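Take the position in the sequence shown, starting the count at 1, then add 8; the result is the number in this note's numbering. Using N, Cα and C, we set each Cβ at its ideal position, and we do this for glycine too. Source: prediction; values computed, not measured. Only one structure is covered here, and it is reproduced in the block below.
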Amino acid sequence: MNFQKRLLRAEPNFRILAKLWQVNWLYVLLICVLAGVGYGALYSAAGGSSRPFAGPQTIRFAFGMVMMICVALTSPRVLVRLAWPLYGLSLLLLVAVLRMGHVGKGAERWLIIGGMQVQPSELAKIALVLVLATWFHRISYRRMVNPLYLLPPALMVLLPVGLVLKEPNLGTAVIIGVVGATIFFAAGMRLWQIVLLLAPLPLLGKFAYAHLHDYQKARITTFLHPESDPLGAGYNIIQSKIALGSGGMWGQGYLHGTQGQLNFLPEKQTDFIFTMIAEEWGYVGGIVVIGLLMLMVLGGMLIALRSRNQFGRLLGLGIATNFFLYCAVNLSMVMGTIPVGGVPLPLISYGGSAMLTVMFGFGLLLSAWVHRNSTFGETASDPS
Numbered sequence: 009m010n011f012q013k014r015l016l017r018a019e020p021n022f023r024i025l026a027k028l029w030q031v032n033w034l035y036v037l038l039i040c041v042l043a044g045v046g047y048g049a050l051y052s053a054a055g056g057s058s059r060p061f062a063g064p065q066t067i068r069f070a071f072g073m074v075m076m077i078c079v080a081l082t083s084p085r086v087l088v089r090l091a092w093p094l095y096g097l098s099l100l101l102l103v104a105v106l107r108m109g110h111v112g113k114g115a116e117r118w119l120i121i122g123g124m125q126v127q128p129s130e131l132a133k134i135a136l137v138l139v140l141a142t143w144f145h146r147i148s149y150r151r152m153v154n155p156l157y158l159l160p161p162a163l164m165v166l167l168p169v170g171l172v173l174k175e176p177n178l179g180t181a182v183i184i185g186v187v188g189a190t191i192f193f194a195a196g197m198r199l200w201q202i203v204l205l206l207a208p209l210p211l212l213g214k215f216a217y218a219h220l221h222d223y224q225k226a227r228i229t230t231f232l233h234p235e236s237d238p239l240g241a242g243y244n245i246i247q248s249k250i251a252l253g254s255g256g257m258w259g260q261g262y263l264h265g266t267q268g269q270l271n272f273l274p275e276k277q278t279d280f281i282f283t284m285i286a287e288e289w290g291y292v293g294g295i296v297v298i299g300l301l302m303l304m305v306l307g308g309m310l311i312a313l314r315s316r317n318q319f320g321r322l323l324g325l326g327i328a329t330n331f332f333l334y335c336a337v338n339l340s341m342v343m344g345t346i347p348v349g350g351v352p353l354p355l356i357s358y359g360g361s362a363m364l365t366v367m368f369g370f371g372l373l374l375s376a377w378v379h380r381n382s383t384f385g386e387t388a389s390d391p392s
């Protein structure tokens with residue numbers, strides 16, 4: 009500890025070394041292990057080849073690792089200053105999607121930038137966490153009673169939710185809303201405020217269902233009765249359940265899963281990657297992967313609890329909640345417990361936008377850990 013303090017008081021280069029020393033490398037190792045699981049699954053999804061999935065995904069992960077470490081070393085004061093520009097950029101990109109987005113599977117969710125598909129809704133989730141943590145860091149607990157202090161952050165949540173719903177992308181919109189609500193609760197929202205906030209949800213749910221697209225309503229109907237259209241809307245979930253069941257306790261063996269290797273399993277490199285893992289490695293392999301994912305979530309929660317400043321606590325909680333919802337929605341979807349939606353399994357599913365934004369989020373989480381003893385701005389938030 010004394011060695012680290014001497015480094016922090018030394019020249020800039022040595023201060024960087026001190027921050028590198030404080031990075032939670034056990035958490036970084038866990039990230040690498042999950043990325044390794046993803047490489048193996050994508051290699052199998054391509055029939056035993058690194059192209060076209062595993063190789064490009066590894067390059068993205070390597071780039072994401074460099075970005076993650078750079079963000080982890082960034083001071084919270086710098087992150088606070090970057091919060092609003094990043095949030096504004098995410099909103100502009102979401103608006104651009106509606107005007108000139110790439111259409112895929114009935115929705116406009118991607119922008120083509122430099123020949124690469126970018127999904128702005130992924131960035132919006134991380135930007136929202138950052139800007140809400142910045143807002144509530146500067147507001148005392150006593151001010152939370154005043155609705156005027158809650159109206160701006162409520163609009164911060166509703167803007168990206170509305171734009172993502174317009175794409176339409178119901179699954180991501182729900183995740184953004186839940187992440188925002190979690191940060192509100194952790195920031196000190198009173199119980200009566202939560203009750204008032206939740207009261208109109210049944211009416212909003214009925215209104216939202218009435219305005220869903222036909223294919224979204226079909227997903228809900230198929231979720232309840234998948235056998236009613238086994239070759240159409242119900243095909244994905246039926247094949248997913250077959251693959252999960254055929255894996256048994258120990259699986260059919262790596263590169264030997266029948267549903268995956270014979271291409272019966274749809275979207276096996278993205279949404280249904282866990283199904284392919286469970287078919288080849290069985291119940292035991294699936295539980296191991298779920299255990300690794302839950303360790304990531306618990307590690308993120310512990311980082312949030314260890315932070316001495318409100319910004320770090322809310323930032324860590326928001327990133328960990330976002331990661332948990334990613335995992336929970338994807339796993340529930342492939343097991344048939346919720347309607348099918350386009351939510352990937354982080355660090356494992358194929359996808360550039362999801363990989364890079366998740367790694368950026370982990371960089372923010374690690375920054376909260378590296379600077380966990382900082383108390384910047386704590387007294388300034390209290391009313392005089």
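Counting the other CB atoms within 10 Å of its CB gives V74 a total below 16, which places it among the exposed residues. Here A162 is actually not in contact with V172; their C-beta atoms are around 16 Å apart, not less than 8 Å. In the three-state reduction of the DSSP assignment, M309 falls in the helix class, which pools H, G and I. If you draw a 10 Å sphere on the C-beta of A207, you find fewer than 16 other C-beta atoms in it, and that means exposed. Taking 9 Å as the cut-off, the beta carbon of L323 is found closer than this to the beta carbon of L138. Apart from the 5 residues on each side of it in sequence, Q247 sits with its Cβ closer than 7 Å to the Cβ of Q267, F272, L273, P274 in its chain, given in chain order. The straight-line gap separating the alpha-carbon atoms of N381 and P210 is approximately 42 Å. The beta carbon of A49 sits closer than 7 Å to those of I281, M284, I285, I356, all from its chain and outside the five residues before and after it, given in chain order. Using a Cβ distance threshold of 9 Å, M309 and L325 count as a contacting pair. Nearest to G290 by C-alpha distance, out of Q318, P347, G265, is G265. For secondary structure counted as the alpha helix (DSSP H) over 4 or more consecutive residues, the segment 32-115 holds these complete runs in sequence order: 33-53, 62-80, 84-108. Remark: C-beta atoms of G96 and Q269 do not approach each other more closely than 9 Å. In this model, C335 and G261 are separated by some 24 Å (Cα to Cα). By DSSP's assignment, Q125 forms a beta bridge with I120. DSSP, read as helix, strand or coil, puts F280 in coil.
In this structure, DSSP gives Y291 a helical state, which the three-state scheme calls helix. Here A328 is buried. Its C-beta has 16 or more other C-beta atoms within 10 Å. Rounded to the nearest whole angstrom, the C-alpha separation of L199 and L306 is 25 Å. Straight through space, the alpha carbons of L374 and V41 are spaced by roughly 17 Å. Between N177 and R117, the C-beta spacing is below 9 Å. Residue state for F144 is assigned as helix, using DSSP reduced to three classes.
Annotation for Q260: no alpha helix (DSSP H) segment contains it, and DSSP assigns it neither H nor E. DSSP, read as helix, strand or coil, puts A207 in coil.
Per DSSP, the unbroken alpha helix (DSSP H) holding R321 starts and ends at 318-342. Sorting I147, K249, L136, G242 by C-alpha distance to the C-alpha of L372 places L136 at the top. Taking C-beta atoms as the reference points, L81 and I39 fail to come closer than 9 Å. A straight line joining the alpha-carbon of G196 with that of T383 spans about 18 Å.
Around the C-beta of W29, fewer than 16 other C-beta atoms lie within 10 Å, and the residue is accordingly described as exposed. When C-alpha distances from Y358 are compared across T278, V36, V169, the shortest belongs to T278. Note on geometry: alpha-carbon atoms of G294 and S57 lie some 22 Å from one another. Taking C-beta atoms as the reference points, V348 and V45 fail to come closer than 9 Å. Around the beta carbon of P128, 16 or more other beta carbons lie within 10 angstroms, which makes this residue buried.
Contact between F319 and V165 is ruled out by a C-beta separation of about 18 Å, above the 8 Å threshold.
Your pair N330 and G369 checks out as a contact, with CB atoms roughly 6 Å apart and the cut at 8 Å.
One alpha carbon belongs to V366, the other to P354, and they sit about 7 Å apart.
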